[in-house]
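UniProt numbering puts the last residue of the sequence shown at 451; the count rises by one with no breaks.
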Amino acid sequence: ETTQVSEDQSVMESGDSFTSVEPNNDENTLVHIIKNLVSKLTSLIQSLLVKIKRLFSKNNSRLKIKGTKGKFNYKLIIVGVVIVGGLIFIGSRSLKKGSEQRKTNDELASYYSQSDEAVANANEVKDLNKTRAKSYIEEALALLDKAGSLEEDQSSIESKKSEVLGILDEINGVTTISDYDILFDSITSYESDGLVDFAMQGSDFYVLDSKKGALYKVTSNKSEEQILADGTFSKPYRIESLSDNKLVVYDQEEGLIEVDPVKKEARKLAGMSTTTVGNIDELELYKLDTQDLLYSLRTDASRVDKIQKISGGFATPQLRLEDPSLANAVDMSIDGNIYILLNTAPGIIRYLGNNREDINIVGDDLNYNGFTSFDASVYLSKFYILDKVGNKIIVVSKPDDTNTNNLPILNQYVYRGDKSLLTDMKEIHVSQDEANIYVLDGSRILRIGNK
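This is the structure in structure tokens:
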């Protein structure tokens with residue numbers, strides 16, 4: 001019995017020593033898997049030998065060789081078969097897992113190596129051939145995507161992608177957005193994702209919610225309030241600020257509505273129903289001396305109308321220009337000239353009097369079909385264009401006496417952070433000093449510093 005207790009303790013201690021082993025950094029390697037397998041085999045064999053000794057020491061007559069008076073201990077045989085089978089199963093699974101892990105590691109190493117080589121090639125040719133350099137970057141990103149399908153540490157993949165995208169930004173002359181604020185989020189504040197347009201008055205913003213039929217006021221220091229309650233409007237779509245600090249809203253069912261944000265009142269303008277003004281896609285105010293002129297863009301009729309503000313309201317819309325190209329218009333901005341942003345080449349049309357000029361934007365990766373809005377106000381020295389497909393803001397020089405038709409891209413802003421920004425850009429306004437860009441992005445109003 002003394003011997004038996006000692007042997008039991010030795011088995012238990014052996015088992016304890018096995019279960020207390022901590023995995024090291026090589027546990028995914030084949031060598032470590034084999035070491036674990038040998039350790040398990042040793043422990044199980046020791047346990048089996050101890051059990052055999054016990055059986056002989058307790059009752060030697062219970063285990064006899066065939067041909068003697070005793071009988072086989074079938075339980076012992078079954079236990080042995082199960083143990084051996086288990087060892088074979090564990091061994092084959094471990095070896096297979098080790099082989100698969102080694103293959104995965106080899107593939108990862110290959111993808112990383114090829115990606116690094118593609119990046120090196122891009123850096124080598126980026127000053128001589130931007131197109132070729134960008135093809136190398138695309139190759140590197142595709143290889144990292146393949147590595148990402150195998151790599152458990154996704155943070156490592158994202159870090160490498162960020163480095164590669166940084167090189168792509170350098171090639172494209174792109175500025176990564178770092179200075180920004182979320183001034184307002186209608187989902188957070190009002191549980192609505194119905195924002196369609198906003199207007200600026202000084203440092204204040206007036207934001208239209210089409211789903212709730214409401215109007216919100218947001219300040220640059222992020223304070224907010226609901227100016228007009230839910231249901232004030234039927235289907236508000238566009239808003240423009242007037243020079244008398246009032247607002248005009250185009251409602252797709254009611255027509256033009258004047259809003260006094262101080263008194264928090266709204267009134268329909270006589271003779272300005274949708275029957276009169278038509279289906280307006282864009283509204284733009286231009287102040288001529290002391291007179292407010294509203295310009296409305298109607299893509300369904302390929303025309304721009306001029307609506308003059310008069311005492312107590314607005315005069316009947318007058319045709320300003322017609323052009324079949326306006327069917328592809330997405331926005332309008334006025335600085336004395338009428339500028340139309342198109343979702344096809346050439347990108348921008350300028351109407352100077354009755355003369356049309358096509359303006360070509362000179363640069364790579366132009367996604368005309370992604371253009372949604374731009375600001376070319378009279379106080380701005382540049383065009384600011386939203387590209388929803390490229391998720392970027394494009395800054396283009398304005399026409400001048402020396403260059404009227406081919407405008408180079410001066411800068412492009414992209415966001416590379418962990419938040420989902422610039423993915424649903426709808427409208428843009430730029431401060432008069434051009435220090436800040438304001439964007440309606442989905443349910444949010446963003447402020448972006450303009451370097």
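A virtual CB, placed ideally from N, CA and C, is assigned to each residue, including glycine.
Values in this document were obtained by computation on a predicted structure and should not be read as measured data.
Could you spell out the range, first to last residue, of the alpha helix (DSSP H) harbouring ASP169? Unbroken alpha helix (DSSP H) run through ASP169: 154-172.
Of the listed residues VAL395, LEU341 and LEU366, nearest to VAL389 (C-alpha basis): In terms of Cα proximity to VAL389, the closest of VAL395, LEU341 and LEU366 is LEU366.
Label ASP305 either buried or exposed according to how many other C-beta atoms from any shown protein chain fall within 10 Å of its C-beta, with 16 as the threshold for buried. When all chains shown are included, ASP305 counts as buried.
Going along the chain, which residues of its own chain have a beta-carbon closer than 6 Å to the beta-carbon of PHE236, five neighbours each way excluded? According to the sequence shown, residue 236 is Pro rather than Phe. Close CB contacts of PRO236 within its chain, under the 6 Å cut and outside five residues either way in sequence, are with LEU208, SER210, VAL249 and ASP251 (chain order).
Between the C-alpha atoms of SER325 and LYS146, what's the straight-line distance to the nearest angstrom? Computed Cα separation, rounded: 43 Å.
Could you tell me the alpha carbon to alpha carbon distance between VAL330 and ILE348, rounded to whole angstroms? The straight-line gap from Cα to Cα measures roughly 10 Å.
For the beta strand (DSSP E) containing SER296, list its first residue and its last residue. Taken as a continuous stretch (DSSP letters only), the beta strand (DSSP E) holding SER296 covers 291-298.
Measuring only the C-alpha atoms, how far is SER47 from LYS40? Looking at the two C-alpha atoms, the distance is approximately 11 Å.
Helix, strand or coil at GLN318 [DSSP, three-state]: Correct three-state label for GLN318: strand.
CB of ILE393 within 9 Å of CB of ILE437, strictly: With contacts defined as CB atoms closer than 9 Å, ILE393 and ILE437 qualify as a contacting pair.
C-beta atoms of ASP259 and LEU294 nearer than 9 Å: As written in the sequence, residue 259 is Val, which differs from the Asp given in the question. Contact: no.
DSSP beta-bridge partners for ARG267? Partner(s): GLU258.
Can you confirm whether the stretch 165-178 touches the stretch 186-200 when touching is taken to mean that 3 or more C-beta pairs between the two stretches lie within less than 8 Å? Look at the beta carbons and you see the stretch 186-200 not touching the stretch 165-178: under three pairs across the two are nearer than 8 Å.
Report the partner residues of LYS287 according to the DSSP bridge assignment. In DSSP, LYS287 forms a bridge with ASP292.
Spell out the partners DSSP gives ALA199 in its beta bridges. DSSP lists TYR206 as partners of ALA199.
Rounded C-beta distance between GLY148 and ILE157? I'm assuming under 8 Å. With a Cβ gap of about 4 Å, GLY148 and ILE157 count as contacting.
Using only CA atoms, which one of ASN405, GLU100 and LEU386 lies nearest to ILE359? It is ASN405.
Tell me whether TYR206 is buried or exposed, calling it buried when 16 or more other Cβ atoms sit within 10 Å of its Cβ. Result: buried.
Rounded to the nearest angstrom, what separates GLU27 and GLN101 at their Cα positions? In this prediction, GLU27 has a pLDDT of 47, which is less than 50 and means its spatial position is unreliable; what the coordinates show is noted afterwards. Between GLU27 and GLN101, the alpha-carbon positions lie close to 11 Å from each other.
Please state if the CB of GLU427 and the CB of ASN450 are separated by a distance shorter than 9 Å. No; because the gap between Cβ atoms is not below 9 Å, this pair is not in contact.
Give the secondary structure of VAL378 by DSSP, where H, G and I count as helix, E and B as strand, and everything else as coil. If DSSP states are grouped into helix, strand and coil, VAL378 belongs with coil.
Please state if the CB of LEU143 and the CB of TYR111 are separated by a distance shorter than 9 Å. Yes, the pair counts as a contact, with Cβ atoms nearer than the cut-off.
Does any residue of chain B bring its CB to less than 9 Å from the CB of LYS212? Here there is only one protein chain, and chain B is not present.
Who are the Cβ neighbours of PRO346 in its own chain at under 8 Å, not counting the five residues just before and after it? Excluding positions up to five away in sequence, the list reads ASP358, ILE359, ASN360 and ILE361.
CA-to-CA distance, LEU386 to GLY166, given in whole angstroms: Whole-angstrom Cα-Cα distance: 21 Å.
What separation, rounded to the nearest whole angstrom, lies between the Cα atoms of TYR415 and SER397? Taking the straight line from one Cα to the other gives about 22 Å.
Which whole-angstrom value is the C-beta distance of ARG356 and TYR339, which I expect to be below 8 Å? Not confirmed; about 11 Å, so no contact.
List the whole-angstrom C-beta distance separating ALA118 from VAL125, where the pair is believed to meet the contact cut-off of C-beta under 8 Å. About 11 Å; that fails the 8 Å criterion.
Neighbourhood of LEU288 by C-beta, 6 Å cutoff - its chain only, sequence neighbours within 5 removed: There are no such residues.
What's the C-alpha gap between LEU108 and ASP153? Between the alpha carbons of LEU108 and ASP153 lies a distance of about 12 Å.
Pull up the distance between the alpha-carbon of ASN36 and that of THR42, whole angstroms please. If you take the alpha carbons of ASN36 and THR42, they lie about 10 Å apart.
Let me confirm a value: LEU319 is counted as buried when at least 16 other C-beta atoms fall within 10 Å, else exposed. Which label applies? With fewer than 16 other Cβ atoms within 10 Å, it is exposed.
By the DSSP assignment, the beta strand (DSSP E) with LYS426 in it spans what residues? Where LYS426 is concerned, the enclosing beta strand (DSSP E) stretches over 425-430.
Near ILE448, which residues of its chain fall below 8 Å by C-beta distance, leaving aside the five closest residues on each side in sequence? For ILE448, where only same-chain residues beyond five positions count, the Cβ hits under 8 Å are ILE177, ASP179, TYR180, ILE393, TYR413, ASN436, ILE437, TYR438 and VAL439.
Could you tell me the boundaries of the alpha helix (DSSP H) in which GLU357 lies? Premise fails: GLU357 lies in the beta strand (DSSP E), 355-362, not in any alpha helix (DSSP H).
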